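All remarks here apply to the structure that follows.
Chains as they are written, first to last, in the working numbering: chain A, 8 to 346; chain B, 580 to 892.
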């Protein structure tokens, strides 16, 4: 082919098809090769474990799904002894508890993250970050006991107050008379609301940690630009930090949602199991997929076990989707794309 | 510290009990904010601002400004008057404290948690660090353009220009807003290039255009002083020339203080010039200050002579 020096007529010539991109040897040193192979192996093992859980659950679900078909998703009762079972009620309960948890945890996580990353002095900041880490390290059983013994006696009053004042909204309704002289305290106990509060304390540290991390990455140049224009600190947070951290706010909340959906032991301790589809979180009785599995696992026959694992499979898929979405949102945002 | 400083020690050392026992130089070496008799200021961040009449360019005057990061003193008793409607250039080698000095002038210095300072900065004969002076008001009156262009990347060009108004809670009618955007961008020498793309995000411009956008953003809130911290160090020669033209034009309305490593730039744009130097682990200070022509053509101090003629180090 023509050499570069004769490039003048080359513009008109047809494109050269004889050259193909050559393969490039990355030229890694031996240490790099060893590390590369080791790191890749570990990565693949993690993926394989994750995948095998999915495959195992999926495989175990086949008998149940082929027996009950679509009714597995529409039936609300769980009575394997009568050959009637479905997960619609527990799915509704799962999302109700998670929603309550998120509604409580989100504002707390956001405001504490803003305070810690933007207002606290470095000493207070270190202290509060370790308190949040400590919150994440508290075992769920402790949060469950806290919810049952300490929180519940107080929370039923809050539930009663909400019912009395905003009970005309269906979501805050409870099937009892709030104004009777001695109101039925037991109607407000062991509810999705109380379980949700306990779960919110468990997901709050994760949401706050993600937000603090993202806020801390807001570019110093833009912060100084805002302050240099005479902005207040809050103005700077609003124009620079929050827009920059939006991906982290959404992503952190969705990660918390994923965790809240699967939270088990604290919910088991607090709720009293009920299998009706209802959207009244203040009212006694609910159930979640995870609590159902934990409660029924011990005395299950092999077909019941398959049904429980099917419920677990559904939960697995849902949390997988939510966490993947969260990861995508974080990665697409400015804060995630910078790294 | 300068030789002149060694010969005539500042008054506080005479009153210090240590100075009676040891030679002056030893005291200087031991000096940390806690032990010196310079009173390190308590910085008042909240008090309301006494609204004085301020229109047009303002005169800025630093009196005995010292600055610390932790116990490390980086500026030693800097005195400098930056006259209104003139460009004052701060020159000197890296690490001589000129950027720190610039950041003291609009209270950006105190953003670093360990930062401390002494002395006074007078804007139109009012100390900007006086108790009762509101920090947001000070920064609004004394704007700043940074080394690295820092437009708000997701805001449109137009929103970038008016960002300062929004942050200060100043409401502008829609027609006035458009006029203000055009006026500010014109003053920054950017209007012709961007007038058809005001809705594009600020991050979409080239580096030089971004820097002029930042200048327009600062000018939009009508500051009395504009501080510029090596505004051209990240720019190519063409963009640098445009920014320099901008500087020469805006000095009609605003006092400009510019830090630069580029001697020719200092000679081209400034009327006043101050040469900073920090020698061998001592805090930075001004060696010589005066008219730019005098500093460059007839420097009094041999170190200034060496520096402006590129014979330094």
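Note that the Cβ used here is the ideal one computed from N, Cα and C, for glycine as well. Please read all numbers here as calculations on a predicted model, not as lab measurements.
Three or more C-beta pairs below 8 angstroms linking the region 229-240 of chain A and the region 180-198 of chain A
Judged by Cβ distances under 8 angstroms, the region 229-240 of chain A makes no contact with the region 180-198 of chain A, as fewer than three pairs qualify.
State buried or exposed for residue 655 of chain B, treating a residue as buried only when at least 16 other CB atoms are found within 10 Å of its CB.
Buried is the label assigned to residue 655 of chain B, since at least 16 other Cβ atoms lie within 10 Å of its Cβ.
Can you give the Cα-Cα distance for residue 826 of chain B and residue 852 of chain B, rounded to whole angstroms?
15 angstroms
Complete alpha helix (DSSP H) runs within the region 128-205 of chain A (minimum length 4 residues, chain order):
Counting whole runs of 4 or more residues, the region 128-205 of chain A contains the alpha helix (DSSP H) stretches 129-144, 147-152, 159-173.
Using 10 angstroms around the beta-carbon of residue 879 of chain B, count the other beta-carbons present and answer buried if the total reaches 16, otherwise exposed.
exposed
Taking Cβ-Cβ distances shorter than 9 angstroms, what residues in chain A pair up with residue 742 of chain B?
Chain A residues near residue 742 of chain B: 232, 233, 236, 238, 246.
Provide the residue span of the alpha helix (DSSP H) that contains residue 645 of chain B, from first to last.
Segment 639-648 is the beta strand (DSSP E) holding residue 645 of chain B; no alpha helix (DSSP H) there.
Please give me, in chain order, every unbroken run of the alpha helix (DSSP H) with length at least 4 that falls completely inside the region 211-243 of chain A.
DSSP runs (the alpha helix (DSSP H)) wholly in the region 211-243 of chain A: 227-235, 240-243.
Using a Cβ-Cβ cutoff of less than 7 angstroms, which residues in the same chain neighbour residue 875 of chain B once the five nearest sequence positions on both sides are dropped?
The beta carbon of residue 875 of chain B is closer than 7 angstroms to those of 846, 887 in its chain, skipping five residues each way along the sequence.
By a C-beta neighbour count over all protein chains shown, 10 Å radius and 16 as the cutoff for buried, is residue 651 of chain B buried or exposed?
exposed
Does any residue of chain A have a CB that is nearer than 8 angstroms to the CB of residue 716 of chain B?
Contact with chain A is found for residue 716 of chain B, since one of that chain's Cβ atoms lies less than 8 angstroms from the residue's Cβ.
Cβ contact check for the region 252-259 of chain A and the region 752-768 of chain B: 3 or more pairs under 8 angstroms
Contact between the region 252-259 of chain A and the region 752-768 of chain B is absent: fewer than 3 CB-CB pairs across the two stretches fall below 8 angstroms.
Limits of the unbroken alpha helix (DSSP H) element including residue 852 of chain B:
Unbroken run through residue 852 of chain B is the beta strand (DSSP E), 851-856; no alpha helix (DSSP H).
Against chain B, which members of the region 113-129 of chain A pass a CB distance test of less than 8 angstroms?
128, 129
Kindly list, in the order they appear in chain B, the residues whose Cβ is closer than 7 angstroms to that of residue 228 of chain A.
725, 727, 729
Using a Cβ-Cβ cutoff of less than 7 angstroms, which residues in the same chain neighbour residue 821 of chain B once the five nearest sequence positions on both sides are dropped?
Closer than 7 angstroms at Cβ, skipping near neighbours: 768, 787, 791.
Sub-8 angstroms separation of residue 217 of chain A and residue 242 of chain A beta-carbons
In this structure, residue 217 of chain A sits away from residue 242 of chain A, with a CB-CB distance that is not shorter than 8 angstroms.
Given a limit of 9 angstroms on CB to CB distance, which residues of the region 664-679 of chain B reach chain A?
none
Answer with yes or no whether the minimum CB distance from residue 687 of chain B to chain A is below 8 angstroms.
Cβ-Cβ to chain A under 8 angstroms: yes for residue 687 of chain B.
Please report how far the alpha carbon of residue 272 of chain A lies from the alpha carbon of residue 246 of chain A, in whole angstroms.
41 angstroms
Chain-ordered chain A contacts of residue 796 of chain B [CB-CB under 9 angstroms]:
For residue 796 of chain B, the residues of chain A that pass the 9 angstroms Cβ criterion are 232, 236, in the order they occur in the chain.
Within 7 angstroms: the Cβ of residue 307 of chain A and any heavy atom of the ligand COA?
Questions concerning the ligand COA fall outside what the structure shown contains, since it holds no ligand whatsoever.
I'd like to know whether the C-beta of residue 242 of chain A is nearer than 8 angstroms to at least one C-beta of chain B.
Nearest CB-CB separation between residue 242 of chain A and chain B: below the 8 angstroms threshold.
Determine which residues of the region 694-719 of chain B have a Cβ less than 9 angstroms from any Cβ of chain A, and write them out in chain order.
714, 715, 716, 717, 718, 719
Counted within 10 angstroms of its Cβ, other Cβ atoms place residue 168 of chain A as buried (16 or more) or exposed:
Looking at its Cβ environment, which holds fewer than 16 other Cβ atoms inside 10 Å, residue 168 of chain A is exposed.
I'd like the list of long-range same chain contacts for residue 129 of chain A, defined as Cβ closer than 6 angstroms, with 5 residues on each side in sequence excluded.
none
In this structure, does DSSP put residue 671 of chain B in helix, strand or coil?
coil
Counting only C-beta atoms, is residue 722 of chain B closer than 8 angstroms to chain A at any point?
At a cut-off of 8 angstroms between C-beta atoms, residue 722 of chain B counts as an interface residue with respect to chain A.
Terminal residues of the continuous alpha helix (DSSP H) containing residue 652 of chain B?
Where residue 652 of chain B is concerned, there is no enclosing alpha helix (DSSP H), although the beta strand (DSSP E) it sits in stretches over 651-661.
Boundaries (first-last residue) of the beta strand (DSSP E) holding residue 696 of chain B
Residues 694-702.
With DSSP collapsed to three states, give me the class of residue 761 of chain B.
helix
Classify residue 889 of chain B as helix, strand or coil using the three-state DSSP reduction.
Assignment of residue 889 of chain B by DSSP, reduced to helix, strand and coil, places it in the coil class.
Could you give the residue range of the alpha helix (DSSP H) that holds residue 827 of chain B?
Where residue 827 of chain B is concerned, the enclosing alpha helix (DSSP H) stretches over 816-829.
Could you check whether the region 718-738 of chain B touches the region 801-818 of chain B, counting it as contact only if at least three pairs of C-beta atoms, one from each stretch, sit closer than 8 angstroms?
yes
Should residue 250 of chain A be flagged as near chain B, meaning a C-beta pair shorter than 8 angstroms?
True, the Cβ-Cβ gap to chain B drops below 8 angstroms.
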